[in-house]
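First residue of the sequence shown? That's 1 in the UniProt record's numbering, and the numbers climb one at a time after it. Note that beta-carbon positions come from the ideal geometry of N, C-alpha and C, so glycine has one too. All figures in this text were calculated on a predicted structure; none of them were measured in a lab.
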Amino acid sequence: MRRTKIETETTEQFTVLWILFALIVLGNSAVLMALLMGKRRKSRMNFFIMHLALADLSVGLISVLTDIVWRTTIAWNAGNVACKLIRFLQVVVTYSSTYVLVALSIDRYDAITHPMNFSGSWRRARALVAVAWLISAVFSVPIVILYHERRIEAPILIICKTKPTCCVFCPGRLQCWIDFSEPWQWQLYMTLVAVTLFVVPALIISACYTVIVSTIWSKSKQLTPDTVFVVCWSPYIIFDLLQVYGHVPRTQTNIAVASFIQSLAPLNSAANPP
């Protein structure tokens, strides 16, 4: 029997998720192994890279892998407590991957602009990483309140008529879900996510590396972390904002595109390992 267009799109989404999972886990595991076995593993720069690799590895193991399992089982079978806990951890590691990168950028900025200021550098490095993880946890607290286990009575996103196992969120099944009754609530939520996860970090990282590039690498064509960050997160943030503000028609094609773009959200964690 010929596969339907939706089945093909769902298979492609699974393929993308598995590829992302492999890239994130293998890439960041290799970075951690290299750091642990290296002679300069106690350097301040390696300290930041280690935490960045840990955060990115956690994205793969907690966020991407959970998403793969969820799409495989179709329904949420872990209960309400696990729903809140896993969603909280998913958001924490996503934010931490971003804000550890911000901390690294601030440290590099300080090292370039104040090269002779060695006193307290390790203390500042530890403080920057601690603040990055703390901010990530604080920004993730609302998730515990917003997400809950509930039964979805209407078909959401993709439903395959010919093959029940290929749906993403099927009607009548329990899901770990966030539910807003008004469009403005989704708009506010996605705007806050965009600002805290993308806009503010991108501005800080860009400002830091603008100073660094203008100071040392003014003629360099190397792809800097701010470029990687913006390129990886822009499609996800822009599409979701356009969607919640009603600028993307709710067609089957756009729903499939939205699901695909959301699958690419962890791409930054695969691109981060040096």
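In the three-state reduction of the DSSP assignment, GLU12 falls in the helix class, which pools H, G and I. When secondary structure is reduced to three states using DSSP, TRP76 falls in the coil class, being assigned neither helix nor strand. Residue burial annotation: ASN28 is buried, with at least 16 other C-beta atoms found within 10 angstroms of its C-beta.
Look at the beta carbons and you see the region 186-194 not touching the region 93-100: under three pairs across the two are nearer than 8 Å.
In the DSSP assignment, ILE205 falls outside any beta strand (DSSP E) and lies within the alpha helix (DSSP H) extending over 200-215. Taking each of ARG108, ILE238, ALA137 in turn and checking the Cα distance to PHE88, the smallest one comes out for ALA137. The DSSP assignment places no complete run of the beta strand (DSSP E) inside the region 19-107 (cut-off: 3 residues). Taking each of SER96, THR72, GLY38, LEU36 in turn and checking the Cα distance to ASP56, the smallest one comes out for SER96.
Taking the CA atoms as reference points, SER121 sits about 46 Å from GLU12. The criterion of a C-beta distance shorter than 9 Å is not satisfied by LEU17 and VAL81.
Comparing alpha carbon positions, the residue from ALA53, ARG151, PHE47 closest to LEU128 is PHE47. Looking at the backbone, the Cα of VAL59 and that of ALA22 are separated by about 12 Å. In this chain, the beta strand (DSSP E) harbouring LEU174 covers 173-178.
ALA132 places its beta carbon 9 Å or farther from that of ARG44. Contact check for ARG108 against ILE237 fails: the beta carbons are separated by 9 Å or more. Here the C-alpha atom of ILE86 lies approximately 10 Å from the C-alpha atom of TYR147. Rounded to the nearest whole angstrom, the CA to CA distance from ALA207 to THR66 is 34 Å. Distance check between ASP240 and each of ILE178, GLN187, SER214 places GLN187 closest, using alpha-carbon atoms only. Judged by DSSP secondary structure, VAL193 falls within the alpha helix (DSSP H) whose first and last residues are 183-194.
The Cβ atoms of ILE152 and GLN175 sit closer than 9 Å to each other. With respect to ALA75, ARG173 sits close: the two C-beta atoms are nearer than 9 Å. A direct Cα-to-Cα measurement between SER105 and PHE14 gives close to 33 Å.
For HIS114, no beta strand (DSSP E) encloses it, and the DSSP letter there is neither H nor E. When rounded, the separation of the alpha-carbon atoms in ALA202 and MET50 is 21 Å. If you ignore the 5 residues before and after CYS83, its C-beta comes within less than 7 Å of the C-beta of TRP76, TYR147, HIS148, GLU149, CYS176, all in its own chain and listed in chain order. Collapsing the DSSP output to three states places ILE135 in a helix.
Under the three-state reduction of DSSP output, ILE152 falls in the strand class.
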